[in-house]
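Take a look at the structure below.
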Amino acid sequence: MKYKIITLVGVIGIASLLWISTNIFVKTDPSIGSESWVHEKIKAYPEISWLGGEGVRQTHDMQKGASEGDLKSPSFRLYGKKYPEFDRTILSLMCLNWFVKGDEDAYKAFASAQKEPDKLSFESFSNLHKLYAQLISSGVPLEDFEIALVLGDTGKTETARAYFKEITASDHDEFLKEALQRDAALFPSFKKLTPWGQEILPQISGIVHFGHFLHLEGGVEMLIPLLESHIVEQDPKALEFDFLVHISDVSGAGGHINPTCSIVMTENVYKALMAVDSSLNLLKKEETTAQDVLENYINIRALWIGLKAKTPEERVLTRLGAMIRLYEKEDGQILKSAFKKIDPTQQTLFVQMFDPLSPDLPNITPTYIPAVFVNLYNNKSLGETKEERLSKILELGLPFVARVLKIYQDHLSDGKMNIMDPLNFNDMARVAKEYPEALTSISVFIDPENNVMEKKEAEISPEMDV
């Protein structure tokens, strides 16, 4: 009897220990951004590792990060070498997960390096959390967001381009659009999407580039694919999904500089993105045109920097301000003052090639023009004050960009240019960062993929000289 009691107690004790170990000493999820968390994401989405190697096309749209940022970067921790696009993607995934978590700890982690007065407020962070939560509660899982984010930059990798050798588009967004429409299943993570995600991702890819619209990188042509898709009427949830993916992507855009938190999604950027969203939502009214949407957004951006956007000249400056990420009323006055000092012939060219409502804009939105201006604005070699650097943008950057756009348009009219790819100023963003004064005299050419490239000394180029 005693033996039976002891045995019974022993069994109960063992069972209790098993219950405790199962319910208390459970394996907890790794913290967002930890090394184990990054490993989990790479295991779940193999395309991330494609960004952690040589041959990845790097974006020159921000200044290079400091060495201490390099040492903290996920790519350096994993590979012993810094891969900027890998770090951007990892941080975008981190930001997405912080938005979904949505509590005060997530907010503190997200905005830990931001400074007042432009630090993203907890209220704005919470509003974004609600947008994600609403879509997730409607049946869109976190994994669909993560996969869409991961696939977004695969067009920058040689691995993806080896899978789709027949796609010649140089722009990574155009590449992804065509790849998803041709054979999306070649992406290992695509099959992990929900049926809705698998159906909708190829449909929404490329129908609207929120970043182009946010920075007024083009004219009404930016909105034509969205209008022609009828996605606003047929599946508004798809457009909201695409918009929220973009928000996480933007939030992680500074991951190559500070890989630990978002330095890009500030209060002003949040405000601008909400203006984009409200402007695009005007399309829910049947009578709204693409120009109505564009004018609404131009007017909002003009008002922020003290302009009215009633004249072509003020629209040029509004567009420039959006590209440089200006938000203060004094900024518009600085631009107006600098514009008045420009030769009238140059002013006419600026209006022709840079008014967002001009009929002379390219039919395909050029890319990385804002990167040229932002790198000039951040370049302290052009002046210690904001006034000096903004004046230099009108003296160095805008004349160069307008001249290239004009020659490009003339060549297009003559049937001499590639009409499939957007004109790409990424290499010129590098020049603006490294030796900005050269923009007044630099020799450039447009290669077969429509990249505006610096022509090195004694270089013989069969491409289109500018």
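1075 is the number that the numbering used here gives to position 162 of the sequence shown; each next residue is one higher, with no gaps. The beta carbon of each residue, even a glycine, is placed where N, CA and C say it ideally should be.
Rounded separation between residue i and residue j - CA only
| i | j | result |
| --- | --- | --- |
| Ala1251 | Phe1023 | 37 Å |
| Phe1126 | Glu1208 | 11 Å |
| Lys1254 | Ala1061 | 46 Å |
| Asp1190 | Glu1200 | 18 Å |
| Glu1079 | Gly1068 | 13 Å |
| Thr1353 | Glu1130 | 22 Å |
| Thr1258 | Gln1265 | 11 Å |
| Leu1195 | Ile1332 | 30 Å |
| Lys1104 | Gln1111 | 7 Å |
| Thr1081 | Ala1097 | 17 Å |
| Glu1308 | Glu1297 | 16 Å |
| Ala957 | Ser1271 | 46 Å |
| Lys1150 | Leu1186 | 17 Å |
| Tyr996 | Lys1319 | 35 Å |
| Pro943 | Ile1120 | 36 Å |
| Gln976 | Ser1326 | Unreliable placement is indicated for Gln976, whose pLDDT of 48 sits below 50; the coordinate value is still reported in the next sentence. Taking the straight line joining both Cα atoms gives about 36 Å. |
| Ala1380 | Arg1074 | Since the first and last residues shown for the chain are 914 and 1379, residue 1380 lies out of range. |
| Gln1147 | Arg1095 | 23 Å |
| Ile937 | Lys1198 | Residue confidence for Ile937 is low, a pLDDT of 33 falling below 50, so the modelled location carries little weight; the figure read from the coordinates is stated next. Each residue's Cα considered, the two are about 54 Å apart. |
| Thr1261 | Asp1066 | 37 Å |
| Trp950 | Lys1369 | 44 Å |
| Glu1091 | Gln971 | 21 Å |
| Leu1041 | His1122 | 19 Å |
Cβ-Cβ separation, residue j to residue i (assumed contact under 8 Å), whole Å
| i | j | result |
| --- | --- | --- |
| Tyr1045 | Leu1157 | 6 Å |
| Glu998 | Val969 | 5 Å |
| Leu991 | Gly965 | 7 Å |
| Ile1211 | Thr1224 | Wrong, their Cβ atoms sit about 12 Å apart, outside the cutoff. |
| Lys1305 | Ile1247 | Lys1305 to Ile1247, Cβ: 12 Å. No contact. |
| Val1053 | Phe1154 | 6 Å |
| Ile1117 | Ile1160 | Wrong, their Cβ atoms sit about 15 Å apart, outside the cutoff. |
| Tyr1321 | Pro1283 | Wrong, their Cβ atoms sit about 17 Å apart, outside the cutoff. |
| Asn1292 | Ala1345 | 7 Å |
| Ile955 | Trp1011 | Wrong, their Cβ atoms sit about 19 Å apart, outside the cutoff. |
| Asp1162 | Thr1107 | Contact flag wrong, Cβ pair sits at about 20 Å. |
Check whether residue i and residue j have beta carbons under 8 Å apart
| i | j | result |
| --- | --- | --- |
| Met1135 | Thr1278 | yes |
| Leu1089 | Leu1064 | yes |
| Asn1337 | Val1317 | no |
| Leu1093 | Leu1114 | yes |
| Asp1334 | Glu1087 | yes |
| Phe1267 | Ala1235 | no |
| Cys1008 | Ser1142 | no |
| Ile1218 | Tyr1240 | yes |
| Ser1005 | Gly1124 | no |
| Ala1203 | Val1133 | yes |
| Gly1015 | Ser1039 | yes |
| Val1357 | Glu1347 | no |
| Tyr909 | Ser986 | For residue 909 there is no data in the structure shown, the boundaries of the chain being 914 and 1379. |
| Met1341 | Val1285 | yes |
Sequence-distant residues of its chain with Cβ nearer than 7 Å to residue i (five each side left out)
| i | result |
| --- | --- |
| Lys1221 | Ala1215, Glu1227 |
| Leu1055 | Val1013, Ile1049 |
| Phe1263 | Val1229, Leu1311, Ala1315 |
| Val939 | Summary for Val939: the model assigns pLDDT 33, below 50, so the residue's position carries little reliability, and this model does not support an answer. |
| Leu1295 | Leu1289, Glu1301, Arg1302, Lys1305, Pro1349 |
| Pro1269 | Leu1129, Gly1132, Leu1207, Ile1211, Arg1228, Arg1232 |
| Trp1313 | It should be noted that the sequence gives Phe, not Trp, for residue 1313. Cβ neighbours of Phe1313 beyond the five flanking positions: Leu1352. |
Per-residue burial, residue i [other beta carbons within 10 Å of its own, 16 or more giving buried]
| i | result |
| --- | --- |
| Glu1243 | exposed |
| Ile1237 | buried |
| Glu1071 | exposed |
| Thr1002 | buried |
| His952 | exposed |
| Leu1152 | buried |
| Glu1059 | buried |
| Gly1328 | exposed |
| Gly978 | Model confidence at Gly978 stands at a pLDDT of 46, short of 50, so the residue's coordinates are unreliable; what they give is reported in the following sentence. Gly978 comes out buried. |
| Leu984 | exposed |
| Gly993 | exposed |
| Asp1273 | exposed |
Spatial neighbours of residue i in its chain, beta-carbon cut-off 6 Å, leaving aside the 5 residues before and after
| i | result |
| --- | --- |
| Asp1031 | Thr1179, Glu1180, Asn1181 |
| Ala1026 | Asn1171, Cys1174, Ile1176 |
| Glu981 | Confidence is the limiting factor: at Glu981 the pLDDT is only 48, short of 50, which leaves the residue's position unreliable and the question unanswerable from this model. |
| Ser962 | Ile955 |
| Met1330 | His1324 |
Beta-carbon contacts of residue i that lie in its chain and below 8 Å, excluding the five residues immediately before and after
| i | result |
| --- | --- |
| Asp1084 | Gly1068, Thr1280, Asp1334, Pro1335, Asn1337 |
| Pro959 | Pro1101, Ser1102 |
| Val1206 | Leu1136, Ser1192, Leu1193, Leu1195, Leu1196 |
| Ser934 | Bear in mind that the predicted position of Ser934 carries a pLDDT of just 35, short of 50, making it unreliable; the figure below should be weighed with that in mind. Counting only Cβ-Cβ distances below 8 Å, and skipping sequence neighbours, we find nothing. |
| Glu1017 | Phe1035 |
Heavy atom of the ligand HEM within 7 Å of residue i beta-carbon
| i | result |
| --- | --- |
| Ala1185 | Judged by which ligands are present, the structure shown has none, so any question about the ligand HEM falls away. |
Any C-beta of chain D under 8 Å from that of residue i
| i | result |
| --- | --- |
| Pro1115 | This model lacks chain D altogether, as it is built from one protein chain only. |
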